[in-house]
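Data block below; observations after.
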Amino acid sequence: GSHTRRMKKSASGRKTTRATTGTTRGSRFSSFDFFFFCLLSVSLFFVGVHFNCSTITSTTTMKVCVTGANGQTGSIVVRKLLERKSKGENLDVVAVVRSEASKQQLLKQLPDVAEEAMVKVDAFQKESLSETFKGCDKLVVLTSSKPKLQFSSLPGVLWQKFVMRKEGVKPTFYFPEGQEPKMVDYVGQRDQIDAAKQVGVKHVVLISSMAGTKPDHFLNTMGGGGIVLWKRKAEVHLIESGLDYTVIHPGGLLPHHGKKEPAEGGKRELLVSVDDKLLESETRVIPREDLAEVIVQSLTTKEAVNTSWDLTSKGEGEGEIFTTLSKLLKSASTLHCNFDTPELPTM
Numbered sequence: 023g024s025h026t027r028r029m030k031k032s033a034s035g036r037k038t039t040r041a042t043t044g045t046t047r048g049s050r051f052s053s054f055d056f057f058f059f060c061l062l063s064v065s066l067f068f069v070g071v072h073f074n075c076s077t078i079t080s081t082t083t084m085k086v087c088v089t090g091a092n093g094q095t096g097s098i099v100v101r102k103l104l105e106r107k108s109k110g111e112n113l114d115v116v117a118v119v120r121s122e123a124s125k126q127q128l129l130k131q132l133p134d135v136a137e138e139a140m141v142k143v144d145a146f147q148k149e150s151l152s153e154t155f156k157g158c159d160k161l162v163v164l165t166s167s168k169p170k171l172q173f174s175s176l177p178g179v180l181w182q183k184f185v186m187r188k189e190g191v192k193p194t195f196y197f198p199e200g201q202e203p204k205m206v207d208y209v210g211q212r213d214q215i216d217a218a219k220q221v222g223v224k225h226v227v228l229i230s231s232m233a234g235t236k237p238d239h240f241l242n243t244m245g246g247g248g249i250v251l252w253k254r255k256a257e258v259h260l261i262e263s264g265l266d267y268t269v270i271h272p273g274g275l276l277p278h279h280g281k282k283e284p285a286e287g288g289k290r291e292l293l294v295s296v297d298d299k300l301l302e303s304e305t306r307v308i309p310r311e312d313l314a315e316v317i318v319q320s321l322t323t324k325e326a327v328n329t330s331w332d333l334t335s336k337g338e339g340e341g342e343i344f345t346t347l348s349k350l351l352k353s354a355s356t357l358h359c360n361f362d363t364p365e366l367p368t369m
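Residue numbers (the numbering used here): 23 to 369.
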């Protein structure tokens, strides 16, 4: 870096000055030379640690908590972190789940994950979460409410679609009691953020969704839950908390629910924008594998700190394939979404 080049120039400058003034190599010069060499070595070490964006090379171990670890994206994030650890990176992973069933689900997805790397938290409340997050440096929030299909609505949808030839007819969804977006995507995430702040977590990466600027989008009208609006309210809470944050709004996640065809990562160009500008484009989806890689890199990419942005991808094989988050974020015109609108729901 430029810092390194300046120091090297300074070193050569000192030696040139001493040569022209006739200084001989004696014990005094050797002591100074040794001191300066040590100072330069230490400086270069810390510069290397600070600016390495894709790997964790510091001698101190970075501990990462991942909530929603048993989900489709969460399990990929945990897998990628464990892979990095197995390759020698200094990190520990804590996979946080809410039930024994969730724990078994994660074990089924990642048979090699150690029991001690998983923590079951029955109630996602500030008190219990604070105990779980103790000692963690970073927190990845991947919890989300999940709408359920109301099967009784399907006959009407089939009638309207195939008999009446109506377009845009959708089935009805609902959220189970206690698992509404208000409780999971706002209250639950708010408590995670507050617990993280209480125990000294340094950086929170919050995975939300696109459509936060569009109250009438299907994601928000589904089940009457306003899911992305409640997520957005949690985002604002994080931004105002004083913690270092990264807020990511992915587009539609591939593979889509129910699809068996895999969507491999590392084969697409990724796109960054803000305020749902990509939502109306043809490039409004992203493989979970690529999203997970971005999440993992955001933990050590300085350009990602205190930013909020949308994330999608081009088609497979199109454009320049994603490699480093630092490079991707530097290509963006802005990394700050506008949270002034729309009006968010109240408790």
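Glycine is no exception: its CB is placed at the ideal position from the N, C-alpha and C atoms.
Residue pairing of residue 225 in beta bridges, as defined by DSSP: 160 and 266. Residue pairing of residue 329 in beta bridges, as defined by DSSP: 268. Distance between residue 224 and residue 154, taken at the CA atoms: about 15 angstroms. For residue 117, no alpha helix (DSSP H) run applies; the uninterrupted beta strand (DSSP E) run containing it begins and ends at 113 to 119, by DSSP. When secondary structure is reduced to three states using DSSP, residue 232 falls in the coil class, being assigned neither helix nor strand. Shown here for residue 220: same chain residues with a beta carbon closer than 6 angstroms to its own, the five before and five after excluded, namely 152 in chain order. For residue 86, the pairing in a beta bridge is given by DSSP as 115 and 160.
Rounded to the nearest angstrom, the gap between the Cα atoms of residue 208 and residue 339 is 37 angstroms. Residue pairing from DSSP places residue 276 in a beta bridge opposite 309.
Apart from the 5 residues on each side of it in sequence, residue 294 sits with its Cβ closer than 8 angstroms to the Cβ of 331, 332, 333, 350, 351, 353, 354 and 357 in its chain, given in chain order. Linking residue 238 to residue 313 through their CA atoms gives a straight-line distance of about 25 angstroms. For residue 164 against residue 87, the beta-carbon gap comes to about 11 angstroms, at or over 8 angstroms, which does not count as contact. By the Cβ-count criterion, residue 240 is exposed, with fewer than 16 other Cβ atoms from all chains shown falling within 10 Å of its own Cβ.
Taking the Cα of residue 123 as reference, the smallest distance to any Cα among 141, 315, 364 and 189 is reached at 141. The residues 230, 234, 361 and 366, in chain order, have a CB closer than 8 angstroms to that of residue 254 in the same chain once the five nearest residues on each side in sequence are set aside. Taking every protein chain shown into account, the CB of residue 176 has fewer than 16 other CB atoms within 10 angstroms, so this residue is exposed. In the three-state scheme derived from DSSP, where H, G and I count as helix and E and B as strand, residue 295 is classed as strand. Residue 195 carries a strand assignment under DSSP once its states are collapsed to helix, strand and coil. By the Cβ neighbour-count rule, residue 173 is exposed, with fewer than 16 other Cβ atoms within 10 Å of its own. Shown here, residue 154 sits in a helix according to DSSP, grouped into three states. Residue range 140 to 142 is occupied by the beta strand (DSSP E) that includes residue 141.
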